[in-house]
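Protein chains: 2
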Amino acid sequence: MSKQPVTDRNGITEEQFLKTYDAGVYERPSVTVDMLIFTVMEREQNNYRKLSEKSLQLLLIQRGEHPYLGQWALPGGFVGVHESLDEAARRELFTETNIDNIYMEQLYTWGEVQRDPRMRVISCSYMALVDRTALNVQAGDDAADAAWFEVSHEILEASRRELEQGYEQDQFIKITLQSDKVTLSGVVKVTESVQGHVSKIQREIVQSEGFAFDHLMMVQYAIERLRGKVEYTDIIFNLMPPLFTLSELQRVYEIILGKELLAAAFRRKIADRVMETEDFTRDAGHRPSKLYRYNMNRASNQ
Amino acid sequence: MSKQPVTDRNGITEEQFLKTYDAGVYERPSVTVDMLIFTVMEREQNNYRKLSEKSLQLLLIQRGEHPYLGQWALPGGFVGVHESLDEAARRELFTETNIDNIYMEQLYTWGEVQRDPRMRVISCSYMALVDRTALNVQAGDDAADAAWFEVSHEILEASRRELEQGYEQDQFIKITLQSDKVTLSGVVKVTESVQGHVSKIQREIVQSEGFAFDHLMMVQYAIERLRGKVEYTDIIFNLMPPLFTLSELQRVYEIILGKELLAAAFRRKIADRVMETEDFTRDAGHRPSKLYRYNMNRASNQ
DNA sequence: TAAATAGTGTCTGTTAGACAGTATTTT
DNA sequence: AAAATACTGTCTAACAGACACTATTTA
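Same order as they appear, the protein sequences are chains A and B.
Start counting the first sequence at 953; every next residue gets the next number (the numbering used here).
Start counting the second sequence at 953; every next residue gets the next number (the numbering used here).
Structural data, given as C-alpha cells:
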C-alpha cells in the first residue's frame, strides 16, 4: 500500500533522507546497565540435625576507581552503540558469573540528572536470578573485588499525612547487606502520594553507608519487584536447584516475602507448580523429605 | 567515617578526579521518551435511553517528517542532558495535553539496535492516564497531526510447543487503533519460553499497518501493564472523572480487562475503594444512579 | 405498562488461615 | 525416648461466581 516513495515537504524520499541524515551534535547522555544478581545460599548450622538456614544474596563490586572509590556498587557498564540493552545486560551477567543461561528481566531506568558525579548517565537496571548450584565457579574468583552480600531489609518507620485532596505516606526502609568481611547499610525513603487524581511514588536515599551512586535505591526497588512477582509468577524457581524439597522451597518464599508461611496452606498452594520425584533427601538427621522439581507444563503460569 | 580524602592508585582524590574528568569521545546512543497517553471517552448512543458506551483511547501523532513520514507514532522526544527522564516525560505530556497534573509511570525501556533507522536510539516509554473531563482543550487542537484512537485488541492465535527442557508459547495479539478518520492495525507476537530454569519473554512485530518505529510493541506492552495493574492497584481512578456511577466504573474495568463482570460481585469488591455522595445522575431516561467518588483514605491501597 | 438501568439477597463452591495431629528418621 | 522435620486432616471464615429478584425512573 505505502510502497510508492513517500516524499516530504522538500520532495525527499525516506531512502534519500536516511542516506544524508546527520545524527547531529546534540549533547547526549551516556547509557549504562546495572545488574542486580540475586541467588540463595545456605548457611551451615552448628547443630547438624537442624536444617541449614537460607539467605538471599546479592552480588556487589568494590570500586577501584573514582568516584566512590572503595565503596560498593552493582556490577554494570556502558551500553555500546552496537549492542542492545539486553545484550549489554547479558554481557555483564556473563562477565560476573561465567554462566550464560540466566533468568533476567529489565526493572527500571534511572534518569536523575545528577546521579553520577562524572557526567550525565542514564542507567537501566536488570534483575537476574541464579541457582547457586549452577555457579560452578564462585563468582568473583577472578575479580577479588566482587562479593556476595546477604540481603535483609526492614521497615523502620511509616508515617502518613492526610492532605486536603488526598494523602502522603512515607516508608523508611532500612537495607542491610552483609558479606564475609563488610556490612553495608542504608535507608531509602519511599513516598507514596495521592493528590486529587494524581498518585505518585518517589524514592530518596536518606542514609547510606558504603554504597556507590544511587544503587541502594535500585536494591530497594529490586526487592520490591522480586517480592511482588514471587506471588503471581513462577520466577522463584530460577533461584532453586533442579531438585528441591518443599520445605526448602517454602524457606525461599519466606525469606523473599519476609514472613512465615504455614506448611499446610503452602503445600496446597504450590501443589500444581511442582512435580514429585522418586527421590528423597538423605543423611538429614531426621525424617527424609521427598524431592520435587519445577512443573513447567501446567495449564497457566501467568 | 570516610570523610578524609580517599585517593586512588595515582594518589588522586575524588574531587581532583571529577575536576579533570573528561566524559570522553565514545559514541553514545540518543535517548528519547515515548508517551502512551490513555483516556476513556464516551460514544453517544442513538437510543438516548441506553447508556453511552465507553472506549479506551490512545493519543497518536502523525509524522510529518522522515522516517515513517505520514505514519502514526507515540508522542515523544529527545531527553535533554539537563533534564531527568521524568522531567522529559512530563514536558512531553504537557506539550500534548496542556495539563500538568497527570498520573504517569515509567513502563519499559526499548533498546534494540535497529529500532530507529536514523541512528541508535534508546527509548524509555511512559504510560499516562488522563480523565477525559480534565482535557478542557481537546488535545491536538493546535497540533492538527494529533488524534485520539480507540484501542481494541484480541488474541488471534495461541500455540504451544513442548520442548525437552520446557516449552515455548506464542500469542499473536492483534491491536486495532481507530480514529475518526483512520484505522490502524497490526499484530504483535509475544513468545514466552521456559528452557530448563530460564524463562524469557520476547516480543516481535509480525505485521504493522501505519505504525512508526516499534511503537506497536509499546502499545501492546502498555495494554498488558494496564490490565495487570488495574487488578491490584487503584490506578483506574486516574481515568475517571471526580464523580462517577458504579456502572460507569464497572464499564471502564470491563473495557480494560476485556471481559464482562457481574454487577453484584463487582460492587462488593470495590465497595471500600469508593465513597458514596448525596448526588444522583439526572435525565438518564431510566432510574437515576448514585454518584461516587474515589476513596483514597482507606486502610491500604497497595 | 414497557424499557432501561440501579441495586440487593442469597446460595454454592473454592480457598486461605489456623491448628492439631500423625509419620518417619537419627541420636 | 527425644529431637527434629515431614506431611495430612479438618474446621472456619472470607470471598468470588452465579443468578434471581426488587427498585426506580422516563417514554
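No residue lacks a Cβ here, since even glycine has one placed at the ideal position from N, Cα and C.
* To do: Return the Cβ separation of A/Arg995 and A/Ser1007 in integer angstroms, given the expectation that the two are a contact with Cβ distance under 8 Å.
  => Along the first sequence, read from residue 1 onward, the residue named residue 995 of chain A stands at position 43. Along the first sequence, read from residue 1 onward, the residue named residue 1007 of chain A stands at position 55. Your pair A/Arg995 and A/Ser1007 checks out as a contact, with CB atoms roughly 6 Å apart and the cut at 8 Å.
* **Secondary structure of A/Asp1038, DSSP reduced to three states** => Here residue 1038 of chain A refers to the residue found at position 86 when the first sequence is read from its first residue. Correct three-state label for A/Asp1038: helix.
* **Residue environment, B/Phe1196, which counts as buried when at least 16 other CB atoms sit within 10 Å** => As a working note, residue 1196 of chain B is residue 244 in the second sequence. When all chains shown are included, B/Phe1196 counts as buried.
* Would DSSP call B/Tyr1078 helix, strand or coil? -> On the second sequence, residue 1078 of chain B is found 126 positions in, with the first residue counted as 1. Of the three classes helix, strand and coil, the one that applies to B/Tyr1078 here is strand, per DSSP.
* Asked: Nearest CA to the CA of A/Glu1039: which residue from A/Tyr1000, A/Met987, A/Gln1066 and A/Thr1135?
  -> Within the first sequence, the letter at position 87 stands for residue 1039 of chain A. Of A/Tyr1000, A/Met987, A/Gln1066 and A/Thr1135, the smallest CA-CA separation from A/Glu1039 is found for A/Met987.
* If you check the beta carbons only, do B/Val1226 and B/Ile1208 fall under 8 Å apart? -> Position 274 of the second sequence holds residue 1226 of chain B. Position 256 of the second sequence holds residue 1208 of chain B. For B/Val1226 and B/Ile1208, no; Cβs fall outside 8 Å.
* Asked: Which one of A/Ile1222, A/Asp1224 and A/Lys1242 has the shortest CA to CA distance from A/Asp1231?
  -> By one-based count along the first sequence, residue 1231 of chain A stands at place 279. Of the listed residues, the one whose Cα sits closest to A/Asp1231 is A/Lys1242.
* Answer yes or no: does any C-beta atom of chain A fall closer than 8 Å to that of B/Asp1038? => Looking up residue 1038 of chain B in the second sequence gives position 86. Taking Cβ atoms only, chain A reaches closer than 8 Å to B/Asp1038, which makes this a yes.
* Asked: Sorted by chain position, which residues of the same chain lie with C-beta nearer than 8 Å to B/Leu1168's C-beta, five sequence neighbours on each side aside?
  -> To locate residue 1168 of chain B, count along the second sequence from 1; it is residue 216. Closer than 8 Å at Cβ, skipping near neighbours: Ile1127, Gly1138, Val1140, Ile1157 and Ser1160.
* **Extent of the continuous alpha helix (DSSP H) to which B/Tyr1173 belongs** => The residue labelled residue 1173 of chain B in the question sits at position 221 within the second sequence. Counting along the chain, the alpha helix (DSSP H) containing B/Tyr1173 begins and ends at His1167 to Tyr1184.
* **With 16 other Cβ atoms within 10 Å as the buried cut-off, status of B/Gln1254** => Position 302 of the second sequence, counting from 1, holds the residue named residue 1254 of chain B. Confidence is the limiting factor: at B/Gln1254 the pLDDT is only 37, short of 50, which leaves the residue's position unreliable, though a coordinate-based value still follows. With fewer than 16 other Cβ atoms within 10 Å, it is exposed.
* To do: Taking A/Lys1211 as the reference, give the member of A/Leu1191, A/Ser1104 and A/Gly963 with the closest Cα.
  => Residue numbering aside, residue 1211 of chain A sits at position 259 when the first sequence is read from its first letter. Comparing Cα positions, the closest option is A/Ser1104.
* **At least 3 beta-carbon pairs within less than 8 Å: the region 1116–1126 of chain B vs the region 1139–1154 of chain B** => With a cut-off of 8 Å, the region 1139–1154 of chain B and the region 1116–1126 of chain B count as touching, because enough Cβ pairs lie within range.
* What is the DSSP secondary structure of B/Gly1092, reduced to helix, strand or coil? -> Taking the first residue of the second sequence as position 1, residue 1092 of chain B is located at position 140. Note that B/Gly1092 scores 48 on pLDDT, short of 50, meaning its location in the model is unreliable; the coordinates nonetheless yield the value given after this. Of the three classes helix, strand and coil, the one that applies to B/Gly1092 here is coil, per DSSP.
* **Contained beta strand (DSSP E) runs [length at least 3] in the region 1081–1145 of chain A, N- to C-terminal order** => Runs of the beta strand (DSSP E) lying entirely within the region 1081–1145 of chain A and spanning at least 3 residues, in chain order: 1098–1115 and 1118–1130.
* Asked: Can you give the Cα-Cα distance for B/Asp1093 and A/Ile1175, rounded to whole angstroms?
  -> Within the second sequence, the letter at position 141 stands for residue 1093 of chain B. Within the first sequence, the letter at position 223 stands for residue 1175 of chain A. Any reading at B/Asp1093 needs caution, since the residue's pLDDT is 48, under 50, leaving its predicted position unreliable; the model's value is listed next. B/Asp1093 and A/Ile1175 have their C-alpha atoms some 44 Å from each other.
* According to a CB-to-CB cut-off of less than 9 Å, which residues of the region 1019–1033 of chain A neighbour chain B? -> Cβ contacts with chain B come from Pro1019, Tyr1020, Leu1021, Gly1022, Gln1023, Phe1030, Val1031, Gly1032 and Val1033.
* Asked: B/Ser1151: buried (16+ other C-beta within 10 angstroms of its C-beta) or exposed?
  -> Taking the first residue of the second sequence as position 1, residue 1151 of chain B is located at position 199. Buried, by the Cβ-count rule.
* Quick one: what's A/Ile1013 bridged to in DSSP? -> Taking the first residue of the first sequence as position 1, residue 1013 of chain A is located at position 61. Beta-bridge pairing links A/Ile1013 to A/Ala1025 and A/Ala1098.
* With distances taken Cα to Cα, identify the nearest neighbour of A/Gly1029 among A/Thr1185, A/Arg1042 and A/Val1082. => Position 77 of the first sequence holds residue 1029 of chain A. The shortest CA-to-CA distance from A/Gly1029 to any of A/Thr1185, A/Arg1042 and A/Val1082 is the one to A/Arg1042.
* Asked: Which residues, taken in chain order from the region 1051–1079 of chain A, show a beta carbon closer than 7 Å to some beta carbon of chain B?
  -> Residues Asn1053, Ile1054, Tyr1055, Gln1058, Tyr1060, Thr1061, Gly1063, Glu1064, Val1065, Pro1069, Arg1070, Met1071, Arg1072, Ile1074 and Cys1076.
* Using a Cβ-Cβ cut-off of 7 Å (strictly less than) and excluding sequence neighbours within five positions of A/His1238, which residues of its own chain qualify? -> Residue mapping note: residue 1238 of chain A aligns to position 286 of the first sequence, counting from 1. Only Arg1001 meet the Cβ criterion.
* Asked: If you run the structure through DSSP and keep just helix, strand and coil, what is B/Thr972?
  -> The residue given as residue 972 of chain B occupies position 20 in the second sequence. For B/Thr972, the three-state secondary structure derived from DSSP is coil.
* Asked: Assuming B/Pro1019 contacts B/Arg1070 under a Cβ cut-off of 8 Å, what Cβ separation, rounded to an integer in Å, is found between them?
  -> Reading the second sequence from its first residue, position 67 is the one you call residue 1019 of chain B. Reading the second sequence from its first residue, position 118 is the one you call residue 1070 of chain B. The C-beta separation of B/Pro1019 from B/Arg1070 comes to about 6 Å, placing the pair in contact by the 8 Å criterion.
* So the alpha helix (DSSP H) A/Ile1222 belongs to, where does it begin and stop? -> Along the first sequence, read from residue 1 onward, the residue named residue 1222 of chain A stands at position 270. From DSSP, the alpha helix (DSSP H) with A/Ile1222 extends over Ala1215 to Ile1222.
* Asked: Are the beta-carbon atoms of A/Leu1136 and B/Glu966 separated by less than 8 Å?
  -> By one-based count along the first sequence, residue 1136 of chain A stands at place 184. By one-based count along the second sequence, residue 966 of chain B stands at place 14. It is not a contact, given that the beta carbons lie outside the stated cut-off.
* Asked: Are the C-beta of B/Arg980 and some C-beta of chain A separated by less than 8 Å?
  -> Stepping through the second sequence from its first residue, residue 980 of chain B is reached at position 28. Cβ-Cβ to chain A under 8 Å: yes for B/Arg980.
* Asked: So, is B/Gln1172 buried or exposed, given that buried needs 16 or more other C-beta atoms within 10 angstroms?
  -> Residue mapping note: residue 1172 of chain B aligns to position 220 of the second sequence, counting from 1. By the 10 Å Cβ count, B/Gln1172 comes out buried.
* Taking 8 Å as the CB-CB cut-off, is B/Glu1017 touching chain A? -> Taking the first residue of the second sequence as position 1, residue 1017 of chain B is located at position 65. Answer yes: the Cβ-Cβ gap between B/Glu1017 and chain A drops below 8 Å somewhere.
* **Per DSSP, cross-strand counterpart(s) of A/Phe1163** => Counted from its first residue, the first sequence places residue 1163 of chain A at position 211. A/Trp1024, per the DSSP bridge assignment.
* To do: Determine the burial state of A/Tyr978: buried for a count of at least 16 other Cβ atoms within 10 Å of its Cβ, exposed for fewer.
  => Position 26 of the first sequence holds residue 978 of chain A. It counts as exposed.
* I think B/Tyr1205 touches B/Ile1188, with their Cβ atoms under 8 Å apart; what is that distance to the nearest whole Å? -> Locating residue 1205 of chain B in the second sequence gives position 253, counting from the first residue. Locating residue 1188 of chain B in the second sequence gives position 236, counting from the first residue. Approximately 7 Å separates the beta-carbon atoms of B/Tyr1205 and B/Ile1188; this is inside 8 Å, confirming the contact.
* Can you give me the Cβ contacts of A/Met1079 inside the same chain, cut-off strictly under 6 Å, excluding the 5 residues immediately before and after it? => Taking the first sequence and counting its residues from 1, one reaches residue 1079 of chain A at position 127. Non-local C-beta neighbours of A/Met1079 in its own chain, meaning closer than 6 Å and more than five positions away in sequence, comprise Leu988, Glu1057, Leu1059 and Ala1174, ordered along the chain.
* Cβ distance (whole Å) where A/Pro1027 is taken to contact A/Glu1005 below 8 Å -> Here residue 1027 of chain A is taken as the residue at index 75 of the first sequence, counted from 1. Here residue 1005 of chain A is taken as the residue at index 53 of the first sequence, counted from 1. Their Cβ separation, rounded to whole angstroms, is 26 Å, which puts A/Pro1027 and A/Glu1005 out of contact at 8 Å.
* Which same chain residues, not among the five before or five after A/Pro1240, have their C-beta less than 7 Å away from its C-beta? -> As a working note, residue 1240 of chain A is residue 288 in the first sequence. Cβ within range, chain order: Phe1232, Thr1233 and Arg1234.
* Is A/Ser1151 helix, strand or coil when you go by DSSP? -> Counted from its first residue, the first sequence places residue 1151 of chain A at position 199. Residue state, collapsed to three classes: strand.
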